[in-house]
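Protein chains in written order, with our numbering: chain A, 262 to 658; chain B, 262 to 658. We treat Cβ as the ideally placed atom computed from N, Cα and C, and that holds for glycine. The structure displayed is predicted, hence computed values, not measured ones.
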């Protein structure tokens, strides 16, 4: 059994704050400070350039990739860390389109995080081959998969509502229609059990600064299935993905496997923080986490619905159909969230009317949930956002 | 006058090491440790998601960009920090090709850093429109500029030899032929005076972990001339370059200016280190630095040539024609460099036979240069690399 009280003690949490925004930026693991300081002082400062070998910097994108891989059911050696999620979406999407040259449709949904759609638009403009980004409502994805679809690109858990797609089922349907799948796990990795290998996913990407607690601007990750790794094209063909990066050949030859998805020099300080954050996951059973996430979320929904009839649940009521966040719709949600933040309950707002609360069981417990319910009830019942002292500037992202 | 002794005291330098590899990874500014620790503990730890506004994280890519811009003669608001140099090359190159749709040639030289060529290859493969990467010897670039050239892509200072291109002249020639220019400043920014505006450069990119001392994996930068900024296409159209990133619109609309070159969430811990490193540059006059770089390099060349006749100068003898490094060719250079590293003189090796020494006047002085000469003379004269105790594993990059 995962000891969640012990896990919570591994995080630094600000005094007087109930932090329900770990789905946007995870809390600080106490060990991250020393890990980063050590990397700066003892590695950069003392080893200088030799740190690439002596401190193992060069191997970190694959080593950390494997640690993330364990949390998302990836085969060893097939998750690579680096860049931003946007860049990784582009990289996977380009490889996916290249696998289906006779098809022109990227199918996605309106619940996808906008940058995934933007990167698809940019790639389509660059390729200039008549590709089409087809965006349908989340509930119509299954029916929209047809023989024209080259890549089905979805975020498993909707960033606004927390609605969760059925990854194995949609992957199976995509494959039956001859399409390649690209899953964005931004709100899945560290939030719930994912089994990419069992789902037979083709590509996946994700970020590490949300539920994985890697810190602000922590690098992204990309997964490619072993059956594709040696064949995929690498549109972002940087030197770190070269078969022999230090031969400094003038011609590009991709690494034999998934490591070809490396691009440029990796961010060592960010990876030091991320590595410390991943140590915590060694002590967590993902199914324990999921059960606790669902129980805390159900408790939160019940408490809010009982106390705040003006809030309308915007997340699925069935816990199995959600990720690890709960959202409520409210016309004055932006102002109300500002007042909540001023009162120490940190959630966030997503246009047009979504008040979003992340449930991160590594450092949120029943006491936090009850405390949040009590404050939200006070703020909503008394319309505190109408009072001038609560009109602070809201947090972003 | 720049007080170089005071500047040197701002760096941590390992005991017993003469570090001539600042052209690969710059030394640690003493202030960087506290800056990063503060960002981790006081910002990430205490502000959590509100750090994006409260700590100014969101503004850092443009603010730090302007600080770098001052060192390379860029107009304010036209240098953007983020991603890796490889990704920034791709981004600039795609925008440049898009500006010349009727031309099919990317002209570069064999002295370019390989990843620039690899990224061009990847872009050409993706576009699949018959573009050609034409690679000529460095001395033949001027003659090779013709009406077929869409983009002239060059690294100003050759990473192996230190040979420096004439940026204003080649830019003028490129423009006369109707081509767009992309300058890689990896070995220029912080190494010598650069004046992008005066040279009328179109695009520039560079990294910040070499002469700018931003730390391992520090982010890259990209410059676009003001006359192009509002028109260029953004193939990597991520949400941070959107006109209104927090509107979360489904459609991409680029930011009105150079900020459209932002892509994904920026690496805050790396930027904290970089920002501390840039504080040092406020106290440095770039022309003082250049004079000192040339004097120290000339001293190094004279000393080595006097003591080590087996080493052949691989850098231009004329200091004006060099960047801020000195290279020697030697058949057994790899083994000899291993022995040098074992003796505390850190340079690096670049295939096939280049022994490379960076001259970084912020923290290298006459005593270091003389000390290095003495040790190199001992190692070379006595062929220390033949002795088993000197066969250590070499540093990379």
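Just tell me which of the options has its CA closest to the CA of residue i.
{"i": "residue 615/A", "options": "571/A, 402/A and 305/A", "result": "571/A"}
{"i": "residue 266/B", "options": "414/B, 643/B, 626/B and 641/B", "result": "626/B"}
{"i": "residue 663/A", "options": "311/B, 262/B and 263/B", "result": "This structure does not reach residue 663/A, given that chain A is present from 262 up to 658, and the question cannot be answered."}
{"i": "residue 604/B", "options": "639/B, 620/B and 306/B", "result": "639/B"}
{"i": "residue 624/A", "options": "378/A, 394/A, 412/A and 557/A", "result": "557/A"}
{"i": "residue 336/B", "options": "575/B, 519/B, 538/B and 599/B", "result": "519/B"}
{"i": "residue 612/A", "options": "507/B, 536/B and 352/B", "result": "507/B"}
{"i": "residue 436/B", "options": "419/B, 527/B and 410/B", "result": "410/B"}
{"i": "residue 516/A", "options": "505/A, 509/A, 510/A and 468/A", "result": "505/A"}
{"i": "residue 389/B", "options": "426/B, 371/B, 345/B and 362/B", "result": "362/B"}
{"i": "residue 379/B", "options": "474/A, 374/A, 500/A and 343/A", "result": "500/A"}
{"i": "residue 377/A", "options": "359/A, 468/A and 264/A", "result": "468/A"}
{"i": "residue 342/A", "options": "277/A, 364/A and 318/A", "result": "318/A"}
{"i": "residue 276/B", "options": "284/A, 274/A and 306/A", "result": "306/A"}
{"i": "residue 473/A", "options": "290/A, 274/A and 270/A", "result": "290/A"}
{"i": "residue 563/B", "options": "550/B, 633/B and 591/B", "result": "633/B"}
{"i": "residue 338/B", "options": "347/B, 346/B and 320/B", "result": "320/B"}
{"i": "residue 375/B", "options": "573/B, 346/B and 386/B", "result": "346/B"}
{"i": "residue 284/A", "options": "446/A, 344/A, 383/A and 573/A", "result": "446/A"}
If I follow the unbroken alpha helix (DSSP H) through residue i, where does it start and stop?
{"i": "residue 634/B", "result": "627-642"}
{"i": "residue 413/A", "result": "First-last for residue 413/A: 410-416, but that is the beta strand (DSSP E), not the alpha helix (DSSP H)."}
{"i": "residue 297/B", "result": "291-299"}
{"i": "residue 578/B", "result": "Note, residue 578/B: premise wrong, no alpha helix (DSSP H); not H, not E."}
{"i": "residue 265/B", "result": "265-269"}
{"i": "residue 381/A", "result": "375-388"}
{"i": "residue 317/A", "result": "Note, residue 317/A: premise wrong, no alpha helix (DSSP H); not H, not E."}
{"i": "residue 434/B", "result": "428-437"}
{"i": "residue 590/B", "result": "No alpha helix (DSSP H) contains residue 590/B, which is instead part of the beta strand (DSSP E) from 586-590."}
Measure the Cβ-Cβ separation of residue i and residue j and say whether it is below 7 Å.
{"i": "residue 534/A", "j": "residue 349/A", "result": "no"}
{"i": "residue 432/A", "j": "residue 460/A", "result": "yes"}
{"i": "residue 309/A", "j": "residue 595/B", "result": "no"}
{"i": "residue 441/B", "j": "residue 334/B", "result": "no"}
{"i": "residue 490/A", "j": "residue 463/A", "result": "no"}
{"i": "residue 521/B", "j": "residue 495/B", "result": "yes"}
{"i": "residue 424/A", "j": "residue 622/A", "result": "no"}
{"i": "residue 630/A", "j": "residue 560/A", "result": "yes"}
{"i": "residue 660/A", "j": "residue 598/A", "result": "Not covered by the structure: residue 660/A. The range shown for chain A is 262 to 658."}
{"i": "residue 272/B", "j": "residue 292/B", "result": "no"}
{"i": "residue 405/A", "j": "residue 397/A", "result": "yes"}
{"i": "residue 587/A", "j": "residue 636/A", "result": "no"}
{"i": "residue 330/A", "j": "residue 452/A", "result": "no"}
{"i": "residue 325/A", "j": "residue 532/A", "result": "yes"}
{"i": "residue 403/B", "j": "residue 364/B", "result": "no"}
{"i": "residue 263/B", "j": "residue 546/B", "result": "yes"}
From residue i to residue j, what does the alpha carbon distance come to, in whole angstroms?
{"i": "residue 449/A", "j": "residue 554/A", "result": "12 Å"}
{"i": "residue 656/A", "j": "residue 529/B", "result": "For residue 656/A, the predicted model reports a pLDDT of 43, less than 50, meaning its position is unreliable; a value from the coordinates is still stated below. When rounded, the distance between both Cα atoms is 17 Å."}
{"i": "residue 488/A", "j": "residue 408/B", "result": "45 Å"}
{"i": "residue 429/A", "j": "residue 620/B", "result": "56 Å"}
{"i": "residue 238/B", "j": "residue 355/B", "result": "Because chain B here runs from 262 to 658, residue 238/B falls outside it and cannot be looked at."}
{"i": "residue 340/B", "j": "residue 483/B", "result": "6 Å"}
{"i": "residue 471/A", "j": "residue 538/A", "result": "11 Å"}
{"i": "residue 511/A", "j": "residue 525/A", "result": "16 Å"}
{"i": "residue 322/A", "j": "residue 568/A", "result": "47 Å"}
{"i": "residue 426/B", "j": "residue 418/B", "result": "6 Å"}
{"i": "residue 543/B", "j": "residue 602/A", "result": "38 Å"}
{"i": "residue 658/A", "j": "residue 422/A", "result": "Unreliable positioning characterises residue 658/A in this predicted model, as indicated by a pLDDT of 38, which lies under 50. A coordinate reading is not provided."}
{"i": "residue 415/A", "j": "residue 582/A", "result": "15 Å"}
{"i": "residue 368/A", "j": "residue 644/A", "result": "42 Å"}
{"i": "residue 303/A", "j": "residue 628/A", "result": "40 Å"}
{"i": "residue 541/A", "j": "residue 282/A", "result": "19 Å"}
{"i": "residue 352/B", "j": "residue 646/B", "result": "43 Å"}
{"i": "residue 618/A", "j": "residue 608/A", "result": "5 Å"}
{"i": "residue 381/A", "j": "residue 359/A", "result": "14 Å"}
Could you check where the beta strand (DSSP E) with residue i kicks off and where it finishes?
{"i": "residue 444/A", "result": "441-445"}
{"i": "residue 610/A", "result": "609-611"}
{"i": "residue 393/B", "result": "393-397"}
{"i": "residue 334/B", "result": "First-last for residue 334/B: undefined, no H or E at that position."}
Next item on the list: Within the stretch 515-568 of chain B, note down every full alpha helix (DSSP H) run reaching 4 residues or more, in order along the chain.
Entry: 529-542 and 547-568
Next item on the list: Taking only runs that begin and end inside the stretch 470-515 of chain B, name each unbroken beta strand (DSSP E) of 3 or more residues, in chain order.
Entry: 481-485
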